[in-house]
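What follows is a single structure, written as structure tokens, with notes after it.
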Amino acid sequence: MNPSPDPSRLVVQFWPVADYDLQSTLECGQAFRWIRSGAGWESVIGDRWARVEAAPGGLTVSWTEGASEALWLRHHLAAGEVLEPILATFPDDAPLRSAVARCRGLRLLRQEPWECLASFICSSTKQIVQIRQIVALLSERWGHEVAAPPGAVLNRAFPTATTIASAGEGALRDCKLGFRAPYVLDAACRVVEGRLDLEALARLDTPAAREALMKIHGVGRKIADCVLLFAYGRQDAFPIDVWVRRALSQLYFPRARRVTAARLESFSESYFGPYSGYAQQYLFHYIRLEAGR
DNA sequence: AGCCAGGACTAAT
DNA sequence: ATTAGTCATGGC
């Protein structure tokens, strides 16, 4: 069953794209399966291997299947999106000016809903390095092999809901999911049994889709918003985690002793505009970069 | 060694 | 409607 990798089918293209900060985009904590590979990164998107490297004026991209255009990869990377008008909608304030100055070109990826959902259920009270490790373990043990060139750093897809559902809780705990194991299992069972239709979510409005996601055990407001933003392109979704809460409190309510979650939520809904989710990701990445210095 | 991590759930006010 | 305790596990 080994889809024998055929190096001759490796396609390499240069894509001209303005305003693309590849490192910020792939390492800002929105996705967990882009792995460093020399001067670039590798991943498996759906069931296709891909590699990306920053180049002057754009991206050098390679893949192994479907020789012509790789629209799936262009879509995932948001390489056709024009960033300037999005950034122009941000409020003109000091925090966002600093954030954009620091990581202009950061883009929101468009991820597979199931992988995104399962990954973010695993994210609860975990550091990003650990989430990446969990996702790698799950994929190595339970993902099916995909065609990849010799020497590729990874060659397995993220496991399907069907596979996870049949894997069992113990097998998931072996991948270091801890107390999140039954949550991911529950989500997988819902998908397999048709009680959760991830494709149908795309046709719901954002509040209805959020409500449906939050019915899954282990999915609260924050994780639901991550899935809405990173998988369904709902750029008005605004995930508030510990870092964003810290950023909003310090940068926008510096005098307040304590800011409630409800206050931050209503502020985020009214202040940041139609691309608030984009602004959120700039603030998230920015404050983490600052904290790491 | 102790605190924190892209939280959510439950039980108790 | 808020609040404390609990859940695994590892980085720093």
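Take the first sequence: its letter number 102 is residue 124 in my numbering, and every next letter is one higher. Quick reminder that beta carbons are idealized off the backbone N, C-alpha and C, glycines included. Remember, it's a predicted structure, so these values are computed and weren't measured experimentally.
| request: Would you mind sorting residue 184 into buried or exposed? The rule is 16 or more other CB atoms within 10 Å of its CB. | output: As a first step, residue 184 is located in the first sequence; it is residue number 162 there, counting from the start. Residue 184 comes out exposed.
| Taking only runs of the beta strand (DSSP E) that begin and end inside the segment 41-99, which ones reach a length of at least 3 residues, in chain order? | Secondary structure in the segment 41-99: the beta strand (DSSP E) runs of 3 residues or longer, each lying completely within the stretch, are 57-59, 62-67, 70-77, 80-85 in chain order.
| Beta-carbon proximity of residue 65 to residue 72, cut-off 7 Å | Within the first sequence, residue 65 is the residue found at index 43, counting from 1. Within the first sequence, residue 72 is the residue found at index 50, counting from 1. Cβ atoms of residue 65 and residue 72: closer than 7 Å.
| What alpha helix (DSSP H) runs, 4 residues minimum, are completely inside the segment 245-289? | As far as the segment 245-289 is concerned, its whole alpha helix (DSSP H) runs of at least 4 residues are 264-274.
| In the DSSP assignment, what residue or residues form a beta bridge with residue 38? | Along the first sequence, one-based indexing puts residue 38 at 16. When DSSP reads this structure, residue 38 sits in a beta bridge with 80.
| said: I want to know whether the segment 233-246 touches the segment 179-199 - three or more CB-CB distances under 8 Å. | reply: No: the two stretches stay apart, fewer than three of their Cβ pairs being nearer than 8 Å.
| request: Report yes if the CB atom of residue 156 is closer than 7 Å to the CB atom of residue 138, and no otherwise. | output: For the purposes of this step, residue 156 is taken as residue 134 along the first sequence, with counting starting at 1. For the purposes of this step, residue 138 is taken as residue 116 along the first sequence, with counting starting at 1. Not in contact: residue 156 and residue 138 (Cβ atoms no closer than 7 Å).
| Would you call the segment 251-270 and the segment 279-291 in contact, with 3 or more CB pairs under 8 Å? | With a cut-off of 8 Å, the segment 279-291 and the segment 251-270 count as touching, because enough Cβ pairs lie within range.
| request: Could you spell out the range, first to last residue, of the alpha helix (DSSP H) harbouring residue 306? | output: Residue numbering aside, residue 306 sits at position 284 when the first sequence is read from its first letter. Per DSSP, residue 306 is one residue of the alpha helix (DSSP H) stretching across 298-313.
| query | Buried or exposed: where does residue 283 fall if 16 or more other Cβ atoms within 10 Å of its Cβ makes it buried? | reply | Indexing the first sequence from 1 puts residue 283 at position 261. Counting Cβ neighbours within 10 Å, residue 283 comes out exposed, since fewer than 16 surround it.
| query | Identify the residues that DSSP records as bridge partners of residue 33: which are they? | reply | Reading the first sequence from its first residue, position 11 is the one you call residue 33. For residue 33, the beta-bridge partners assigned by DSSP are 85.
| Who are the Cβ neighbours of residue 83 in its own chain at under 6 Å, not counting the five residues just before and after it? | Translated into positions along the first sequence, residue 83 becomes position 61. Counting only Cβ-Cβ distances below 6 Å, and skipping sequence neighbours, we find 35, 37, 74.
| task | Hey, could you find the ends of the alpha helix (DSSP H) residue 171 is sitting in? | result | Position 149 of the first sequence, counted from the first residue, corresponds to residue 171. Careful: residue 171 lies outside any alpha helix (DSSP H) and carries neither H nor E.
| query | By Cβ distance below 7 Å, which residues in the same chain neighbour residue 304 in space, the five residues on each side in sequence not counted? | reply | Mapped onto the first sequence, residue 304 falls at position 282. Counting only Cβ-Cβ distances below 7 Å, and skipping sequence neighbours, we find 118, 121, 122, 125, 128.
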